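*Asks:* In the working numbering, the protein residues as written are 372 to 572.
Backbone N, C-alpha and C fix where the C-beta goes; we use that ideal spot for every residue, glycine too.
Keep in mind the model is a prediction, meaning the values are calculated, not measured.
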Amino acid sequence: MFDGSTRPEVSCYRGTAMTQVKLTAPMAAVATPELVSRVEQALALFPELSDERVTVGVTASRGVDGLAYPSERLIRLNPYRRRMVTYFTIGHELTHLVQTPGLGLIPSGEVQCDIWTLARDPLFLDEKPCYLDIDCDGRSWRRHAGAVRKLCLNAIAVRERNRRYIVWLREQLAAYFNRPEPYQPGLFDDSRLTTAQQALE
Ligand SMILES: [Zn+2]
Numbered sequence: 372m373f374d375g376s377t378r379p380e381v382s383c384y385r386g387t388a389m390t391q392v393k394l395t396a397p398m399a400a401v402a403t404p405e406l407v408s409r410v411e412q413a414l415a416l417f418p419e420l421s422d423e424r425v426t427v428g429v430t431a432s433r434g435v436d437g438l439a440y441p442s443e444r445l446i447r448l449n450p451y452r453r454r455m456v457t458y459f460t461i462g463h464e465l466t467h468l469v470q471t472p473g474l475g476l477i478p479s480g481e482v483q484c485d486i487w488t489l490a491r492d493p494l495f496l497d498e499k500p501c502y503l504d505i506d507c508d509g510r511s512w513r514r515h516a517g518a519v520r521k522l523c524l525n526a527i528a529v530r531e532r533n534r535r536y537i538v539w540l541r542e543q544l545a546a547y548f549n550r551p552e553p554y555q556p557g558l559f560d561d562s563r564l565t566t567a568q569q570a571l572e
């Protein structure tokens, strides 16, 4: 999520300084070592952001996983949700810092943010994206994540010559999810046993 408003909260940024990451005081107070490690791993995949520090704060807004304030190089994560903050959420918010009014290196927008986050690294495939329409539930996402990431990479390549690359991607995703399920032989499928036996003979 991107909140374009500027927030004059500089006085509370007294958090622990780390290599190119600064936790706000409220985040430093609640962040687990696992969360800090996730932020550092995610940030290591954003070389564009390495020249200047990124600040990580807290949001406790209900239903919000994260927020980004690109002009302040600030992201806020929600450590109070039931599940651990995902790499995807961290990656999505960091990707906003690469968009306008941050570095402005990639197209702006939420769907675009999802596409570039998934494309960046398989680390960010641990949660289904929220703005790019994906025709599967959260549980089956992992089965499709690799294929969806490949389509996102292709869409970014398609953008070089086709400004309607998101339309292209949506068509590709629809084709992918509408394809017939590959045949999966059952455990007691005789023909499969026979084939297996033949293969042994
Ligand atoms: Zn967003």
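Going by Cα to Cα distance, which pick from 451, 530, 410, 412 is closest to residue 477?
*Replies:* Within the sequence shown, residue 477 is the residue found at index 106, counting from 1. Ranking the options by Cα distance to residue 477, first place goes to 530.
*Asks:* Contact between the segment 466-484 and the segment 508-522: three or more CB pairs below 8 Å?
*Replies:* no
*Asks:* Beta-carbon within less than 6 Å of residue 448's beta-carbon, same chain only, minus the 5 sequence neighbours each way: which residues are those?
*Replies:* Taking the sequence shown and counting its residues from 1, one reaches residue 448 at position 77. Excluding the 5 residues flanking it on each side, residue 448 has same chain C-beta neighbours closer than 6 Å at 437, 456, in chain order.
*Asks:* Beta-carbon separation of residue 398 and residue 428 under 7 Å?
*Replies:* As a position in the sequence shown, residue 398 is number 27, starting the count at 1. As a position in the sequence shown, residue 428 is number 57, starting the count at 1. Their beta carbons are under 7 Å apart, which means residue 398 touches residue 428 by this criterion.
*Asks:* Count Cβ pairs between the segment 488-499 and the segment 461-470 that sit closer than 8 Å; are there 3 or more?
*Replies:* yes
*Asks:* Any idea which residues DSSP pairs residue 426 with across the strands?
*Replies:* Reading the sequence shown from its first residue, position 55 is the one you call residue 426. Residue 426 pairs with 393, 445.
*Asks:* Within this structure, are the beta carbons of residue 614 and residue 466 separated by less than 7 Å?
*Replies:* As displayed, the chain neither begins before 372 nor continues past 572, which places residue 614 out of reach and without an answer.
*Asks:* Check whether the Cβ of residue 443 lies closer than 6 Å to any heavy atom of ligand 1, and answer yes or no.
*Replies:* Against the sequence shown, residue 443 aligns to sequence position 72. Within 6 Å of the C-beta of residue 443 there is not a single heavy atom belonging to ligand 1.
*Asks:* Let me confirm a value: residue 473 is counted as buried when at least 16 other C-beta atoms fall within 10 Å, else exposed. Which label applies?
*Replies:* As a working note, residue 473 is residue 102 in the sequence shown. Residue 473 should be labelled buried.
*Asks:* Per the DSSP calculation, residue 437 is bridged to which residue(s)?
*Replies:* In the sequence shown, the residue the question calls residue 437 occupies position 66. Residue 437 is bridged by DSSP to 448.
*Asks:* Tell me which residues share the same chain as residue 523 and place their Cβ nearer than 6 Å to its Cβ, disregarding the 5 neighbours each side in the sequence.
*Replies:* Position 152 of the sequence shown, counted from the first residue, corresponds to residue 523. 486, 489, 490.
*Asks:* Answer yes or no: the CB of residue 372 versus the heavy atoms of ligand 1, is any distance below 6 Å?
*Replies:* Numbered from 1 along the sequence shown, position 1 holds the residue referred to as residue 372. Within the cutoff, so yes.
*Asks:* Taking C-alpha atoms, which residue in 468, 421, 422 lies nearest to residue 443?
*Replies:* Position 72 of the sequence shown, counted from the first residue, corresponds to residue 443. For the residues 468, 421, 422, the minimum Cα distance to residue 443 belongs to 468.
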